[in-house]
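J.: Sharing a structure with you now.
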Amino acid sequence: MDRPETDSEVIAARNNILSWGPVVEYLREQHHDGYWGLAEDVYWPKWIATVWALLLLGELGVPGNHPSIRAGCEYFLKTIGEQDRSWPPPKYAEDDLRGWRLCWEPCVTGNMARTLAVFGYGKDSRVQEMFEWLVKNQRDDGGWNCDTEDSRNGEPIHHSSFMSTIEPLWAFSSLAPQQWPKRAKETVERGVEFLLVHKLFKSDKTDKVIRQEWTQLHFPMFYFYDILHGLRVVS
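Residue numbers for the sequence shown follow my numbering, so the first one is 27 and each next one is one higher.
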């Protein structure tokens with residue numbers, strides 16, 4: 027609508043979202059301690075846990091100053107504050123749930139850095155650390171990848187993933203540039219170039235569409251990718 031965040035109708039629309047049925051239901055499902063799903067896991071079960079609830083509510087434009095949103099954000103930040111930040115991540119046994127619960131990876135870190143910024147946490151030192159982590163863990167080709175080795179043969183993966191790259195870039199686009207950490211401008215430029223070299227959805231070698239599903243539009247985005255989303259972020 028090309029209206030600023032301070033426009034009275036924009037403010038009214040954002041406040042009215044709180045009375046919309048699906049949002050009311052989501053907030054009702056939140057535990058009084060601030061989490062959704064399981065207390066010990068902010069990521070699993072998928073689509074239900076704290077991460078997914080906050081991602082969706084952020085995309086829907088729920089105001090970040092709502093008490094439920096603040097409680098959810100604080101719960102998430104407390105949880106990841108206690109996790110290992112190594113990348114690639116430590117090797118955990120298959121039955122060691124700590125490995126499954128790690129949120130320090132490009133997709134989740136990027137998605138949640140964006141969501142927290144949208145909710146007004148952009149200047150928070152804990153969120154700034156997430157942006158710094160993204161800068162530090164960018165790959166040589168300019169993108170990011172949540173997979174570090176090929177599951178078929180265990181060989182290291184050297185090429186970035188579109189789905190892992192779009193989340194960090196979307197995060198930076200949601201944060202005022204004056205709040206970016208050091209080297210973020212170069213990081214963003216390299217990330218955008220990675221997508222543009224591939225024309226947002228094509229192989230840089232064959233010029234063929236990499237995945238047909240990327241030509242189909244999504245909502246909510248979660249960790250998905252499509253050409254319109256790519257265009258929105260790079261622009």
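The beta carbon of each residue, even a glycine, is placed where N, CA and C say it ideally should be.
State the DSSP-derived secondary structure class of residue 82, mapped to helix, strand or coil.
T.: Looking at residue 82 - three-state DSSP - the assignment turns out to be helix.
J.: Could you check whether residue 76 and residue 115 sit closer than 9 angstroms to each other, using their CB atoms as the reference points?
T.: The answer is no: Cβ separation not under 9 angstroms.
J.: Could you round the C-beta distance between residue 191 and residue 159 to whole angstroms and report it? I think they count as a contact, below 8 angstroms.
T.: Their Cβ separation, rounded to whole angstroms, is 15 angstroms, which puts residue 191 and residue 159 out of contact at 8 angstroms.
J.: Per DSSP, what are the beta-bridge partners of residue 182 in this structure?
T.: 175.
J.: Below 6 angstroms CB to CB, which residues in the same chain sit around residue 148 once its five sequence neighbours on both sides are set aside?
T.: The residues are 201, 205.
J.: Check whether the Cβ of residue 107 lies closer than 8 angstroms to any heavy atom of the ligand MN, and answer yes or no.
T.: The ligand MN is not part of this structure, which contains no ligands at all.
J.: Just reading off the alpha helix (DSSP H) that residue 142 is part of, what are its end residues?
T.: 132-142 is the extent of the alpha helix (DSSP H) around residue 142.
J.: Is there contact between the region 106-126 and the region 84-94, where contact requires at least three CB pairs shorter than 8 angstroms?
T.: Flag = no, the region 106-126 and the region 84-94 do not touch.
J.: Pairing CB atoms from the region 150-169 with CB atoms from the region 211-223, are three or more of them under 8 angstroms?
T.: Touching, yes.
J.: Per the DSSP calculation, residue 187 is bridged to which residue(s)?
T.: In the DSSP output, where bridge partners are listed per residue, residue 187 has 170.
J.: Ends of the alpha helix (DSSP H) at residue 255?
T.: Its alpha helix (DSSP H) spans residues 253-260.
J.: How many angstroms separate the CA atom of residue 196 from the CA atom of residue 232?
T.: Distance between the alpha carbons of residue 196 and residue 232 is about 27 angstroms.
J.: Alpha carbon to alpha carbon, how far is residue 181 from residue 48? Give it in angstroms, no decimals.
T.: The alpha-carbon atoms of residue 48 and residue 181 are separated by roughly 44 angstroms.
J.: Given this structure, state the Cα-to-Cα distance separating residue 262 from residue 106, to the nearest angstrom.
T.: Outside the shown range of the chain (27 to 261) lies residue 262, about which nothing can therefore be said.
J.: Output needed for residue 146: all residues of its chain with C-beta closer than 6 angstroms, excluding positions within five of it in sequence on either side, in chain order.
T.: Excluding sequence neighbours, residue 146 sits near 90.
J.: Applying the criterion that 16 or more other CB atoms from any shown protein chain within 10 Å of the CB defines a buried residue, is residue 163 buried or exposed?
T.: So residue 163 counts as buried.
J.: State yes or no: is the C-beta of residue 80 within less than 9 angstroms of the C-beta of residue 138?
T.: Taking 9 angstroms as the Cβ cut-off, residue 80 and residue 138 qualify as a contacting pair.
J.: For residue 198, which residues in the same chain have their Cβ closer than 6 angstroms to its Cβ, ignoring the five residues on either side in sequence?
T.: Contacts found: 214.
J.: Using a threshold of 9 angstroms, state whether the C-beta atoms of residue 126 and residue 176 are closer than that.
T.: Their beta carbons are not under 9 angstroms apart, which means residue 126 does not touch residue 176 by this criterion.
J.: Name the one or two DSSP bridge partners that residue 64 has.
T.: Its beta-bridge partners are 67.
J.: Let's test the definition: count the other Cβ atoms within 10 Å of the Cβ of residue 65 and tell me whether it reaches 16, buried, or not, exposed.
T.: It is exposed - the Cβ of residue 65 has fewer than 16 other Cβ atoms within 10 Å.
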